[in-house]
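Heads up: the sequence shown is residues 1 to 451, going by the working numbering. Heads up, the beta-carbon is just placed ideally off N, CA and C, and yes, glycines get one too. Note that this is a predicted model, so its numbers are computed, not measured. Step one of this worksheet: look at the structure below.
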Amino acid sequence: MKKLGNLISLVVLLALVLTLVPTAAFAQEVVCEQDAVVQADDWLSKLADKFYGDVLAYQAIADATNAMAATDDSYAKIDNPDVIEPGWKLCIPPAESAQADVASAAAETAVQMDALIAAAKEEGMLTTIALPHDWLNYGIMIENFKAKYGLEINELDPNAGSGDELEAIRANKDNKGPQAPDVIDVGFAFGPQAKDEGLIQPYKVSTWASIPQDLKDPDGYWYGDYYGVLALEVNTDVVQNVPQDWADLLKPEYKGQVALAGDPRTSNQAIQSVYAAGLSRTGDLNTAAQAGLEFFAELNAAGNFVPVIANTGTIASGETPITIQWDYLALANRDTFAGNPNIEIVIPQSAVFGGVYVQAISAYAPHPNAAKLWMEYLYSDEGQLVWLSGYGHPIRYLDMAKRGVIPAELEAKLPPAELYEKAVFPTIQQLDAAKAVITENWDSVVNVDVK
């Protein structure tokens, strides 16, 4: 009886200790250093960067907010850290707590990466599609991956288009052989389409937080990989005063000098160039297409527009000395010309218009772990720098520039990072609507044949 009484006393004492000092014994008490109310353009990693200077601290905010919500319903309940709503009340924990959370997550990620590498090596192979070796240094990317992880890469049709990539998944749903792609790299519009069709599977890379929120699927099905912005490629052997913005192109001094790199009735690049010019006037993506047509009508009426599809030959000869095209193409041309002629690249600031590609893993991937490891490599600093060396701006560019991890010699070849901070990326719906307006009305509004 005495032993039983002693046991009961110990149980009561333990219960008392648990009641009085739960945080000291088992769990750290949640403390909100301050509260934050979600604004319309907020997301958790953006707030983590704001409060801690580290996008990876987003999970600490989510965890603290959920802990507070358990006893105080004025705080939001966050089920998916990639989905928060304006008006939600968040708990912002102290910096020390957030840093501890980041360190813990990093240690866990390292363990998970070791397991993923082992699983990928067990599969032994990765099948890619539509990755030309001369496109943004994909040849280097592939060789680096093979050397780093010892996997074979089976490359399907390097010249396939985005639609072909989706068709390859559809056609090989029940095929685990060499014709079934594991991963795809497609135009922005094709990511949501592939998700809607059930062709891709979700995966969030370890650097997920540093991918801009509006350029990734919140559930991880697709995610932006690299982008370009529209630029003015200027042959300065011909053009003495380099135009700095869209409105400058209308000045009389540029008579017979401004060209597009495609036919705006059929070329995606040319269509988006018209769209961007309109955006510089309206500041509204929903009305910019019509404004862009009017801009080019004025440009043509002034005699400044050259109705010739610009290419390296016309740029070098001076036939199209001011060409509107993607920055990565313009920068590559600058290197190719090597001073003959001299080229200056301008990013017009009244409308920094971006075009993005996205990555995804096939829902039927024969090598799912190799596919995930490929994504981890692409979205690592190392992989992102490979794209950047090919002049495609990697999706994590601003984060990397902020952390100072871009080599000085590479950064010196690029326009300043701050010029890209205002980049605007239209939605799929906005792109489709603008395309219809421009292609259907170019002839009636601008009334010039580009060829």
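Beta-ladder partner(s) of residue i, from DSSP
{"i": "I129", "result": "L156"}
{"i": "L230", "result": "W326"}
{"i": "K183", "result": "Before going on, a small fix: residue 183 reads as Val here, not Lys. Paired residues: I361."}
{"i": "T258", "result": "Note that residue 258 is Val in the sequence shown here, rather than Thr. V258 is bridged to F305, I322."}
{"i": "N235", "result": "I343"}
{"i": "L136", "result": "BP columns for L136 are empty, so no partner."}
{"i": "A36", "result": "L90"}
{"i": "Y223", "result": "K216, Q359"}
{"i": "V424", "result": "F353"}
{"i": "H393", "result": "Y227"}
{"i": "A201", "result": "It should be noted that the sequence gives Gln, not Ala, for residue 201. Q201 is bridged to I361."}
Distance between beta carbons of residue j and residue i, contact taken as under 8 Å
{"i": "V242", "j": "Y420", "result": "Actually they are not in contact, since the Cβ atoms of V242 and Y420 sit about 19 Å apart, beyond 8 Å."}
{"i": "Y364", "j": "K173", "result": "5 Å"}
{"i": "N102", "j": "M68", "result": "The displayed chain sequence assigns Val, not Asn, to residue 102. Wrong, their Cβ atoms sit about 20 Å apart, outside the cutoff."}
{"i": "L90", "j": "T65", "result": "5 Å"}
{"i": "D49", "j": "V55", "result": "5 Å"}
{"i": "Y377", "j": "K148", "result": "7 Å"}
{"i": "I395", "j": "D225", "result": "6 Å"}
{"i": "V481", "j": "D432", "result": "In the structure as shown, the chain begins at 1 and stops at 451. Residue 481 is therefore absent and cannot be evaluated."}
{"i": "W88", "j": "A76", "result": "4 Å"}
C-alpha distance - residue i paired with residue j, whole-angstrom precision
{"i": "T287", "j": "V437", "result": "10 Å"}
{"i": "W326", "j": "G187", "result": "14 Å"}
{"i": "E122", "j": "E108", "result": "22 Å"}
{"i": "V37", "j": "G53", "result": "18 Å"}
{"i": "Q213", "j": "L44", "result": "9 Å"}
{"i": "L215", "j": "D114", "result": "28 Å"}
{"i": "Q430", "j": "G292", "result": "14 Å"}
{"i": "R265", "j": "T439", "result": "4 Å"}
{"i": "F353", "j": "K422", "result": "9 Å"}
{"i": "F295", "j": "A277", "result": "7 Å"}
{"i": "A259", "j": "A332", "result": "18 Å"}
{"i": "P252", "j": "N304", "result": "7 Å"}
{"i": "W442", "j": "F145", "result": "45 Å"}
{"i": "Y267", "j": "A100", "result": "Reading off the sequence, residue 267 comes out as Ser, not Tyr. Going from the Cα of S267 to the Cα of A100 covers about 50 Å."}
{"i": "P132", "j": "I153", "result": "13 Å"}
{"i": "A120", "j": "Y138", "result": "20 Å"}
{"i": "I315", "j": "I324", "result": "11 Å"}
{"i": "I92", "j": "E143", "result": "43 Å"}
{"i": "Q34", "j": "P94", "result": "8 Å"}
{"i": "T23", "j": "R403", "result": "Low confidence applies to T23: its pLDDT is 32, below 50, so where it sits in the model is not reliable enough to give any reading."}
{"i": "A297", "j": "T427", "result": "26 Å"}
{"i": "T128", "j": "N300", "result": "44 Å"}
{"i": "T71", "j": "S97", "result": "20 Å"}
{"i": "A168", "j": "Q59", "result": "37 Å"}
{"i": "A118", "j": "N80", "result": "29 Å"}
{"i": "G283", "j": "Q349", "result": "12 Å"}
C-beta contact flag for residue i and residue j at 8 Å
{"i": "A360", "j": "G198", "result": "no"}
{"i": "I309", "j": "A261", "result": "yes"}
{"i": "D344", "j": "V234", "result": "In the sequence on display, residue 344 carries Glu and not Asp. Cβ distance < 8 Å, so E344 and V234 count as in contact."}
{"i": "V424", "j": "L279", "result": "yes"}
{"i": "A330", "j": "W246", "result": "no"}
{"i": "L373", "j": "L388", "result": "no"}
{"i": "D449", "j": "P321", "result": "no"}
{"i": "I211", "j": "Y227", "result": "no"}
{"i": "D217", "j": "K195", "result": "yes"}
{"i": "S317", "j": "P181", "result": "no"}
{"i": "V386", "j": "M125", "result": "no"}
{"i": "A160", "j": "A130", "result": "yes"}
{"i": "N342", "j": "D237", "result": "yes"}
{"i": "Y328", "j": "Y391", "result": "yes"}
{"i": "K176", "j": "P368", "result": "no"}
CA nearest to the CA of residue i, picked from the options
{"i": "V445", "options": "K251, G224, Q290", "result": "Q290"}
{"i": "V346", "options": "I184, A118, A417, I78", "result": "A417"}
{"i": "H393", "options": "W135, Q99, T127", "result": "W135"}
{"i": "I78", "options": "K148, I61, D225", "result": "I61"}
{"i": "D41", "options": "E33, I84, A76", "result": "I84"}
{"i": "A302", "options": "I428, G256, K435", "result": "G256"}
{"i": "G313", "options": "L299, P132, N340", "result": "N340"}
{"i": "T207", "options": "Y397, I428, K435", "result": "Y397"}
{"i": "K435", "options": "L250, G87, L285, P368", "result": "L285"}
{"i": "S104", "options": "N137, S273, T127, A57", "result": "A57"}
{"i": "S162", "options": "I428, G383, Y357, Q384", "result": "Y357"}
{"i": "I271", "options": "T128, G355, P415, Y138", "result": "G355"}
{"i": "V183", "options": "R281, T282, Y221", "result": "Y221"}
{"i": "D157", "options": "P178, L151, G150", "result": "P178"}
{"i": "N447", "options": "Y275, D381, D263", "result": "D263"}
{"i": "Q193", "options": "R170, K451, N175", "result": "R170"}
{"i": "K413", "options": "D335, K451, M375, G383", "result": "D335"}
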